[in-house]
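Trainee:
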Ligand code: HEM
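Numbering (this note's numbering), first residue to last: 227 to 710.
#1: Using the Cβ count rule (16 or more neighbours within 10 Å means buried), how would you classify residue 694?
#2: Given the structure, does residue 195 come close to the ligand HEM, in the sense that its CB is under 7 Å from one of the ligand's heavy atoms?
#3: At which residue ranges does the stretch 285-341 contain complete beta strand (DSSP E) runs of 3 or more residues, listed in the order of the chain?
#4: With H, G and I counted as helix, E and B as strand and the rest as coil, what does DSSP make of residue 642?
#5: Would you check if the distance between the CB atom of residue 392 and the CB atom of residue 361 is smaller than 8 Å?
#6: Heavy atom of the ligand HEM less than 7 Å from the Cβ of residue 315, yes or no?
#7: Using a Cβ-based criterion (distance less than 7 Å to any ligand heavy atom), does residue 647 qualify as near the ligand HEM?
#8: Identify which residue in 373, 438, 238 has its Cα closest to the Cα of residue 676.
#9: Please classify residue 505 as buried or exposed, where buried requires at least 16 other C-beta atoms within 10 Å of its C-beta.
#10: With DSSP collapsed to three states, give me the class of residue 611.
#11: For residue 526 and residue 585, what's the separation of their Cα atoms in angstroms?
#12: Rounded to whole angstroms, what is the Cα-Cα separation between residue 468 and residue 483?
#13: Alpha carbon to alpha carbon, how far is residue 599 from residue 580?
#14: Pick from 418, 424, 396, 318: whose alpha carbon is nearest that of residue 262?
#15: Find out if the Cβ-Cβ distance for the pair residue 577, residue 325 is shorter than 8 Å.
#16: Taking C-alpha atoms, which residue in 300, 369, 377, 395 lies nearest to residue 385?
#17: Please specify which runs of the alpha helix (DSSP H), each continuous and at least 4 residues long, are wholly inside the stretch 455-539, giving them in chain order.
#18: Using C-beta distances below 6 Å, list every residue in its chain close to residue 453, excluding the 5 sequence neighbours before and after it, in chain order.
#19: Here's the rule: buried if 16 or more other CB atoms are within 10 angstroms of the residue's CB, otherwise exposed. What is residue 673?
#20: Can you have a look at residue 407 and say buried or exposed, based on whether 16 or more other CB atoms are within 10 angstroms of its CB?
#21: Rounded to whole angstroms, what's the CA-CA distance from residue 291 to residue 280? Just pull it up for me.
#22: Is residue 572 close to the ligand NAP? I mean its beta-carbon at under 7 Å from any heavy atom of the ligand.
#23: Cα-Cα, which of 332, 247, 463 is closest to residue 273?
#24: Hey, could you find the ends of the beta strand (DSSP E) residue 582 is sitting in?
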């Protein structure tokens, strides 16, 4: 019986302070044992040592760390009433100027969520499909050039150009076209500095950037100014569009139009800060997550030729010479590609850790959780547990398609233990878009190219690093044009 099962059956709840955990130093706790860039790996190591409920303290905060999928799901579902995102995340995001849906809580979150959901729902993705094709064709052109010249592709950087272009087009109707830009575009250069800073500050024991600013801290206001200038540009342009086409106020074509129309309606409660916070949140939440998932998936397929051949067979038969899927119906027929994506997210979840703060005294899996307590939910241990999946470390997409059900049915089973997009009322609203992007890029890649090599500089497996999202370090790819 695991510790969670024992505590869940106990009559008297266990106190967090009575749980096991790594020994720390007086006052400093476990602070010096934690390498922030590998935080998730360290926490998973401790879960193997101390079980599925343990405690650590990172100055000045104590955390309950949970990895049992049922316990994790019960916390994630008990939002927004029982749990919220951490006060620290909200404070740091507000300071950096992007209090959007991801970091907001309470009334702010409640008024923002329906609008963001509506902007990213499947009907919007369907209406957006022609643009998705256009961006994917541009991306194919870029990779064709690389295949013809034999040049190595910086995988993560290229994938981020794709995801930023797609997100900006869907959420703001902006064609920022970083894919065809010779150099990294201004906005992207600055965006790439913000997420690591957010992650570092959230887990920093005190506001070190205020008292002992590093060179990166000193450069941050410049990055933020540049980003806010770009965001203000999107907002000003949308204001003009709404003025020229007032009908859009009732039937907005994208997220920014919906938010600005709401901001101007009396009593909506939507403010200027809500609009700009969410413009930035969309760019940040939509960029790394999908790009990193694609990078891991491409690496895993390179290492698993049988799965790759099968997925390529499916894509080639479906596309029949086209560069990418031509409509959502075709996208829906890529079952093997989708199964590969879920298998990659099972093994390499780009959000391996979700932090929650208790809003009131409660009990989780037999553990007493006082108001204000911080819970780190580890998302991977249950997904790689042999009790849930045989040969759990093996990349085997057939797990998602065997048994006759579709991947979607497998994912919506109440017993699911793989939660790459989280769970409950705060589940990722970008999941339909993310899956559409993943299937578009993979079908395009597998049908038009042969993956000649995917490699790191030192020839080894890519290391996992975390900076809000978890990414592979230094992956490059070489392509050849497909011969058939
Ligand atoms: C493979 C790609 C993606 C993954 C794995 C992913 C994963 C996640 C996870 C784990 C959460 C936290 C959920 C929770 O607390 O239960 C989240 C939240 C969120 N995601 Fe995603 N995401 C992806 C793509 C996207 C995209 C493309 C967008 C938008 C363009 C997006 C926007 C958001 C937002 C706004 C939230 C905050 C939701 C809330 O707190 O109410 N995500 N995502």
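Positions of the beta carbon are idealized from the N, C-alpha and C atoms, including for glycine.
All values reported here derive from a predicted model rather than from experimental measurement.
Mentor: According to the data block:
#1: Counting from one through the chain shown, the residue named residue 694 turns up at place 468. Classified as buried, residue 694 has 16 or more neighbouring CB atoms from the shown chains inside 10 Å of its CB.
#2: A query on residue 195 cannot be resolved here, the shown segment of the chain reaching from 227 to 710 and no further.
#3: Restricting attention to beta strand (DSSP E) runs no shorter than 3 residues, the stretch 285-341 encloses them at 287-292, ordered along the chain.
#4: By 1-based counting over the chain shown, the position of residue 642 is 416. Coil.
#5: Taking the first residue of the chain shown as 1, we reach residue 392 at position 166. Taking the first residue of the chain shown as 1, we reach residue 361 at position 135. Yes, the pair counts as a contact, with Cβ atoms nearer than the cut-off.
#6: Counted from its first residue, the chain shown places residue 315 at position 89. No.
#7: The residue labelled residue 647 in the question sits at position 421 within the chain shown. Residue 647 has its CB nearer than 7 Å to a heavy atom of the ligand HEM.
#8: The residue given as residue 676 occupies position 450 in the chain shown. Looking at the Cα atoms, 373 is the closest of the given residues.
#9: Translated into the one-based positions of the chain shown, residue 505 becomes position 279. Answer is buried; the Cβ neighbour count reaches 16.
#10: Taking the chain shown and counting its residues from 1, one reaches residue 611 at position 385. In the displayed model, residue 611 falls within coil according to three-state DSSP, outside both helix and strand.
#11: Position 300 of the chain shown, counted from the start, is the residue given in the question as residue 526. Position 359 of the chain shown, counted from the start, is the residue given in the question as residue 585. Taking the straight line from one Cα to the other gives about 40 Å.
#12: In the chain shown, the residue the question calls residue 468 occupies position 242. In the chain shown, the residue the question calls residue 483 occupies position 257. Roughly 7 Å separates the two Cα atoms.
#13: Numbered from 1 along the chain shown, position 373 holds the residue referred to as residue 599. Numbered from 1 along the chain shown, position 354 holds the residue referred to as residue 580. Inter-residue distance for residue 599 and residue 580 is about 14 Å (C-alpha atoms, whole angstroms).
#14: Here residue 262 refers to the residue found at position 36 when the chain shown is read from its first residue. The shortest C-alpha separation from residue 262 is found at 424.
#15: The residue you call residue 577 lines up with position 351 of the chain shown. The residue you call residue 325 lines up with position 99 of the chain shown. Not a contact, by the Cβ cut-off of 8 Å.
#16: Along the chain shown, one-based indexing puts residue 385 at 159. Residue 369 is the option with its Cα nearest to residue 385.
#17: At a cut-off of 4 residues, the continuous stretches assigned as alpha helix (DSSP H) that sit fully inside the stretch 455-539 are 481-489, 498-529.
#18: Counting from one through the chain shown, the residue named residue 453 turns up at place 227. Around residue 453: 416.
#19: Counting from 1 along the chain shown, the entry for residue 673 is found at position 447. Residue 673 should be labelled buried.
#20: In the chain shown, the residue the question calls residue 407 occupies position 181. Residue 407 counts as exposed, since fewer than 16 other beta carbons sit within 10 angstroms of its beta carbon.
#21: The residue you call residue 291 lines up with position 65 of the chain shown. The residue you call residue 280 lines up with position 54 of the chain shown. Near 5 Å, if we compare the C-alpha coordinates of residue 280 and residue 291.
#22: Among the ligands in the structure shown, the ligand NAP does not appear; only the ligand HEM can be found there.
#23: Mapped onto the chain shown, residue 273 falls at position 47. Of all alpha-carbon atoms in 332, 247, 463, the one lying nearest the alpha-carbon of residue 273 is that of 247.
#24: On the chain shown, residue 582 is found 356 positions in, with the first residue counted as 1. From DSSP, the beta strand (DSSP E) with residue 582 extends over 579-584.
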